[in-house]
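Enquirer: All residue numbers for the sequence shown refer to the UniProt record's numbering, where the first residue is 1 and numbers rise by one.
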Amino acid sequence: MIKNRKQGGKVNFMQDIWKVHTDVQEQMLQLRSVPVSIIPESAKIVGEKLFLKVNENDKTDRFLERIKKHFNIESKDIDIIGGFFCVDLKHSSKVSFELKSQLSQKAAANFIEFLPNPIIDGYINKLKSPISDLKDILDKSNFDYDFDRNGRLQISINDLKLLNKMCSDENLNIQIPEQSSIIMPVYPNPLYFIKKSLPSLSAIHKSKVSIHNDGNVTWNRTIEISNVYLKEAFVERLNKEFGLTLIGYDFIFYIDSSVVGKYIRKESPYVLPKLIKENNSFVFHTNLNIKASNSYMMAAYNDEKWNLGIKYKRLIKFFNAFFGSENVRFESKFIYSYDIFKYTKEFLPSLEYSKEDLRQEVFNSMISESVSVSDNMETIGIDFDWRNEDLNSLLEDTSNKCQFLNLSIFNNHRCNIDFQIQDVSLDETENMLREKFPSIKTIRNNKKGTFYFYQEYQSQEQAILLKDMIQSELDKIDSSNFEKGLYNIDKDKEKYRLDVDISAKKDSQVSALKEIRGSDFNVNENYLGRLIRVNFPEMIFDISGDFFEKNKTLFERKIIDTIEPNLIGDIEKVNRLKDSLDNIVNGKNLQNPNLKDFIFDASKAKITEDIESHTHCNSQTYADLETHLMNNRVNEPQKIAIIKSLLAEDLALIQGPPGTGKSTAIAEIIWQHIRKDSEERILLTSETNLAVDNAIDRIVNDYHNLVKPIRFGSEDKLEIEGRQFSIETMKRWVETNSIDINENEATEDEECLPQKLILLNWIDNIKKRTEESQIDKDINELWKNFLSNPSKNTREIFYTAYVNNCNVIGATCSSIGENNTRANPTSFFRSFCEIFGSVEKRFNREGKEYTLYNGDLKFSTVIQDESSKATPAELSLPLIYGKKNIIIGDHRQLPPLLDKESFMMSFDFLLDRVDSDEQSKQINKLKNFASKHFDVLEISHFERLFEKIDDSLRGVFNMQYRMHPDINEVIKQFYISDGGLQCGLIEPIDLGVNDPDMSNPASRYHGIEVDGLVSKDNHVIWIDTDSPELLDGTSRVNYGEVEAIKDILTKFRNSESFNNYQRFWSNPEDQQIGLISFYGKQIRLLKDLRKEFNDIPLRVSTVDRFQGMERNIIIVSMVRSNRIATDKNQKPDKAIYGDLGFQEQKELGFAKSPNRLNVALSRAKRLLIIVGNSELFRQMEIYDNVYQSIVSNPNGKIIKYETK
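1. Mark Asn-307 as exposed unless 16 or more other C-beta atoms lie within 10 angstroms of its C-beta, in which case mark it buried.
2. Pairs of beta-carbons, one from the segment 438 to 455 and one from the segment 124 to 134, closer than 8 Å: are there three or more?
3. Does Met-297 pass the burial test, meaning 16 or more other C-beta atoms within 10 Å, or should it be called exposed?
4. With DSSP run on the structure shown, which of helix, strand or coil describes Ser-1192?
5. Report the residue from Gln-672, Gln-655, Gly-661 and Ser-663 whose alpha carbon sits nearest the alpha carbon of Asp-624.
6. Using only CA atoms, which one of Val-993, Leu-991, Asp-995 and Pro-965 lies nearest to Leu-981?
7. Buried or exposed for Arg-962, going by 16 or more other Cβ atoms inside 10 Å?
8. Between the segment 1061 to 1079 and the segment 1114 to 1128, are three or more C-beta pairs nearer than 8 Å?
9. Helix, strand or coil for Ser-197 per DSSP?
10. To the nearest angstrom, report how far apart Arg-892 and Phe-712 are at their CA atoms.
11. Which residue wins for smallest C-alpha separation from Asp-418, given the options Ala-463, Pro-177, Lys-448 and Phe-282?
12. Can you list, in chain order, the residues of its chain with a C-beta nearer than 7 Å to that of Gln-471? Leave out the 5 residues immediately preceding and following it.
13. Could you check how far apart the C-beta atoms of Lys-662 and Asp-865 are, in whole angstroms? I think they sit under 8 Å.
14. Beta carbon of Asp-214: closer than 7 Å to some heavy atom of the ligand SAH?
15. Under 8 Å by Cβ, that's how I've got Ile-1113 and Ile-1073 pegged, so tell me the actual separation to the nearest angstrom.
16. Give every residue of the same chain whose Cβ lies closer than 6 Å to the Cβ of Arg-1036, excluding the five residues on either side of it in the sequence, and list them in chain order.
17. In angstroms, rounded to a whole number, what distance separates the CA positions of Asp-749 and Pro-1068?
18. Could you give the DSSP three-state label for Gly-889: helix, strand or coil?
19. Below 8 Å, can you find three or more Cβ-Cβ pairs linking the segment 406 to 420 to the segment 142 to 154?
20. Tell me which same chain residues have a C-beta within less than 6 Å of the C-beta of Gly-529, skipping the five on either side of it?
21. I need the DSSP call for Trp-306, collapsed to helix, strand or coil.
22. How big is the Cα-Cα spacing for Phe-598 and Lys-644?
23. So Leu-275 and Phe-284 are in contact, right, with Cβ under 8 Å, and what is the actual spacing, rounded?
24. For the beta strand (DSSP E) containing Thr-344, name the first residue and the last one.
25. Please identify the residue among Thr-729, Lys-1128 and Leu-315 whose C-alpha is closest to the C-alpha of Arg-795.
26. On the three-state DSSP scale, how would you describe Ile-443?
27. Please report the Cβ distance between Phe-1106 and Val-1191, rounded to the nearest whole angstrom; I am assuming they are in contact, meaning their Cβ atoms lie under 8 Å.
28. Going by Cα to Cα distance, which pick from Lys-1152, Leu-1148, Phe-1150 and Asn-1122 is closest to Gly-1138?
29. Going by C-alpha distance, which of Val-574, Asp-88, Cys-833 and Leu-760 is nearest Phe-705?
30. Is the separation between the beta-carbon of Gln-724 and that of Leu-757 shorter than 8 Å?
31. Among Glu-396, Asn-1094 and Leu-651, which residue has its Cα nearest to the Cα of Ser-603?
32. On the premise that Ile-559 lies in contact with Pro-40, defined as a C-beta separation below 8 Å, what is that separation, rounded to the nearest angstrom?
33. Could you check whether the segment 342 to 354 touches the segment 179 to 190, counting it as contact only if at least three pairs of C-beta atoms, one from each stretch, sit closer than 8 Å?
34. Which residue from Asn-158, Ser-96 and Leu-358 puts its Cα closest to that of Gly-47?
35. Going by Cα to Cα distance, which pick from Gly-1007, Leu-577 and Phe-63 is closest to Leu-877?
36. Cutting at 7 Å between CB atoms, please list the residues of its own chain near Ile-335, excluding the five before and the five after it.
Below, the structure is given as structure tokens:
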């Protein structure tokens, strides 16, 4: 697997590390693609959804069989609940320690703890358990409570709030989490059955619940039917069945905004209901159960409440006369109530209905991570934050989400809360044991006050000694508070630890399944469907499509016990990465043999002698470039980088900071290479379709078509800019004279955009040259008409000429390669052979036709964009096909996202699978090196190349065109060592950066004026917070910053200038505010704001995921603070903690990375708002620089925000 090379030092060592890492990626992917065991009887098909349950015991059962076999024991000898098994010494002595160790490793892989050494174990239990103390408190307070089988407290919300207050006031060691759950009976409501009879009926079911202070619950349930008055006979029948009764109706008149101002309530003699400004409507509500008001008109109106026709005619006559009939739109709404007792006790029990149909309705409307429904459709569970969420609103929202479901909640309905108890005496006891016995292991149940421990031993003599020592320590423990002892075992037996970690196993299975959510699955080698949701142990698949009936029959037979993820695309990509890196490391199949050296050490790339003589503005090379520029807006740094890339023979690198016009420069590089050498064949590649399409689109011009790009890839996955170069689009134009993509495949953003085609651009350029020629006018006109309406034969001529002279290929990195793992040509290679090679139809010996693809996959130049996040393996994939390589990236932004823990586990994964000691020794050597030098591995490989490459091969773009110059001031510090970063919007001349006309492409004006927050001249603001951070698992949150951002959005919402700004934009991306943060758990909190601010488009994402994107307005939540709390509701205590009020903390975590900060602050075009604790962040120079740049800027703004 790994060759033992003595020369080459760290370069070869690093090559081996990346080679092993790619091997591991492949193996891990293969592991993910193993069949998933399912319970055959769990299969349920609802509509076109398949519900399956994972068989959780599959691997556990198999491992237990191995234990029984090797130790010669039976199932009765294994205590799964106790977590051990006992075995005769004569049998255990025959099992070698080496085999026990192997079994231990296998067990760990299946989340089973099996120790290779026998154990001594014992217990320490409190005589009175902490949970009994809690019961005493609950009983004394007369709370209505219980405990479920999982030990969760079941208690009403009102009592829970009282208990929480008691815990706080009396300093009880009971920790009550924010998350709770409530389980309620559910059943279909009357609308479900009404819609079965009247499927086209427009109706909704509304539920309103009130939970009173005394715990009593009242429901108000109604059915609202729009624009249809149900027939009397139909209503009368339903009234007899379940008390359906018309209780009111609304007549709604919508008035056009141009005339609604004619009615002025204070001045008009007509009394109308209050205008609803959101939709310019007047609503006349008639309650059939109450008497009329004292108003003359309203009294007359209500007197006619049963005369619907007369009332309608009178009102519509008035509105048509007053506003004009063309400005009036009418709707009606009829409101019905029903007898819930009669419905549930008499009507519903008498019916048979399909619970599967109901389940489909529920699934489509309301199932989420926080809501689950039982298999029998009889109960629903909702997770909620009992401290901060209003239960009334939660129940109403949940009920109204599914229009066919009624929830039931009882008086003093209990919720489930998984409380924790902290016991100091158990802490002290555990610490005492650990001090005496460092390798002892403990398991505690704080609720019950129980303490289990076990100690491994290696010999019987050691066991005797340890027993005496442990017993001696146990004797010191206070017997009046604890019972304690060692568990006895027969002298001729040994006890082994064997415990299934159900929680960790479940978490791993959930994580593994969620990782492949969205993937396709197969069953019996046939396509099954796509995994759309995981609610462990349940999986939900969309099985619509050609195989639906076949799969439906298969699963209805209840015999399928395994399904397989179809990860062939991912596996193919990893294999291509692996093969390309193998070729580089071993120097095989490389278009440039030097790639083997310079890909890891850029100083070995051939330098360009006397580069200054070429890049000087008076040089012939510079003059030649200036004369033949395709884009006259190319700036000076771009020109120098382009010259260096033209003269390079092996490798050229270009650093392109945010907004510096990389796509424009790439197009110019391509044009200049082809202008210099008509035989050039260029590959333009990146990891994303968007980057490739943006760059290739810039090649199009109105003068010539010497550059003839073709875009490889499935047409429906390409951006509209790249689709014009697609072979599929060109062929469709030849055949049908149409270039429009199927409207079902177009994205929302593309529906209003015209599809372009490079062949039509070529024809237009020919027509323009004809206009400039001196040929006869009539002939000229005939020629232009001929080109404007080309026949199919003419279209074929243009297509063939274009394809035969193609000189640029655009494709994503992961698609590039010749053959897949089954030795079949890749889609990329088939397209390549169609353009540059040959495609032949042949017949095999059986007479079956097959296609033979022949081609020499090579390019004179490979241009790779967005390479900073690429590992050497990912860089290598396209580069092996290039004679010269031009790599473009920015090492001041995020490097490859390597996680140290998972990276090191990759080596452990291989160690568990290699066969020879030599292989194990070599992998361990690599593992130790990687562990010691992981900081080197974390560095972007682009950065490593950029720092070592000769200056004659290195270009730097330092003019950005994205950000307002005030924002540029904030981030330019990251590029000082690279020559700085200037704002091209004002240098060398101001292009109108503050122009109020936002249609000016150079304008970064926003015009937003909000008192106390922002003026039209502010472009960078720091909201200086004082709220504490909290640990949330391994992540961090800051609730105070969420509140600060909520305040900002509220002020925006209420600002007319902000609303005017929003109305200016038609593109959703221009309207969106980007909310970004360094921490995933903070993002979860920020995403919740989308519900409250659904009228403001928000894009919420981690900083890492936002790289490559931009928005007009960006708000950054920094999260980290110089103070840390242990609870969301913890109040500052200056008596204990001093002026901070909380425990002090000084770490920056993720935020410490300059690269991550650069990405965070460089996403905004017009307005950047930083929300964070300056006291902490200013301790680090880069943050203090940001802060000082805002302070020193007359238009910068620092706002102190005090947590409420």
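Just so it is clear, CB atoms sit at the ideal spot from N, CA and C, and this is done for glycine as well.
Expert: On the basis of the data shown:
1. The Cβ neighbour count for Asn-307, taken over all protein chains shown within 10 Å, is under 16; the residue is labelled exposed.
2. At 8 Å Cβ cutoff, the stretches touch.
3. Its pLDDT being 45, under 50, Met-297 is placed unreliably by the model, and the measurement read from it follows with that caveat. Classification for Met-297: exposed.
4. Note: Ser-1192 maps to helix in three-state DSSP.
5. Selected option, being the one with the closest Cα: Gln-672.
6. Nearest of Val-993, Leu-991, Asp-995 and Pro-965 to Leu-981, Cα basis: Pro-965.
7. Flag for Arg-962 reads buried.
8. Of all C-beta pairs linking the segment 1061 to 1079 to the segment 1114 to 1128, three or more are shorter than 8 Å, placing the two stretches in contact.
9. Note: Ser-197 maps to helix in three-state DSSP.
10. Here the C-alpha atom of Arg-892 lies approximately 31 Å from the C-alpha atom of Phe-712.
11. Of the listed residues, the one whose Cα sits closest to Asp-418 is Pro-177.
12. Answer for Gln-471: Leu-486, listed in chain order.
13. Contact annotation, Lys-662 with Asp-865: C-beta distance approximately 6 Å; criterion of less than 8 Å satisfied.
14. Ligands displayed in this structure: none; no statement on the ligand SAH is therefore possible.
15. Cβ atoms of Ile-1113 and Ile-1073 come within 8 Å of each other, at about 5 Å.
16. Closer than 6 Å at the Cβ level, and outside the excluded window around Arg-1036, lie Glu-1029, Tyr-1079 and Val-1119.
17. Low confidence applies here, because Asp-749 scores a pLDDT of 36, under 50, leaving its location unreliable and the question unanswered by this model.
18. DSSP places Gly-889 in the strand class (E or B) of the three-state scheme.
19. With a cut-off of 8 Å, the segment 142 to 154 and the segment 406 to 420 count as touching, because enough Cβ pairs lie within range.
20. Excluding sequence positions up to five before and after Gly-529, its CB lies within less than 6 Å of the CB of Phe-541, Asp-542 and Ile-543, all in the same chain and listed in chain order.
21. In the three-state DSSP reduction, Trp-306 falls in the coil class, being neither helix nor strand.
22. One alpha carbon belongs to Phe-598, the other to Lys-644, and they sit about 17 Å apart.
23. So it is not a contact: roughly 13 Å between Cβ atoms.
24. Here Thr-344 belongs to no beta strand (DSSP E), and DSSP marks it neither H nor E.
25. Among Thr-729, Lys-1128 and Leu-315, the Cα nearest to that of Arg-795 is on Thr-729.
26. In this structure, Ile-443 counts as strand in the three-state DSSP scheme.
27. About 26 Å; that fails the 8 Å criterion.
28. Per the C-alpha coordinates, the member of Lys-1152, Leu-1148, Phe-1150 and Asn-1122 positioned closest to Gly-1138 is Asn-1122.
29. According to the sequence as given, residue 705 is Asn; it is not Phe. Cα-wise, what sits closest to Asn-705 is Leu-760.
30. For Gln-724 and Leu-757, yes; Cβs fall inside 8 Å.
31. Residue Leu-651 is the option with its Cα nearest to Ser-603.
32. Right, their Cβ atoms sit about 6 Å apart.
33. A contact exists between the segment 342 to 354 and the segment 179 to 190.
34. When only C-alpha atoms are compared, the closest one is Leu-358.
35. Scanning Gly-1007, Leu-577 and Phe-63 for the CA closest to the CA of Leu-877 turns up Leu-577.
36. The beta carbon of Ile-335 lies closer than 7 Å to those of Thr-222, Glu-224, Ile-247, Gly-248 and Tyr-249 in the same chain, with the five residues before and after it left out.
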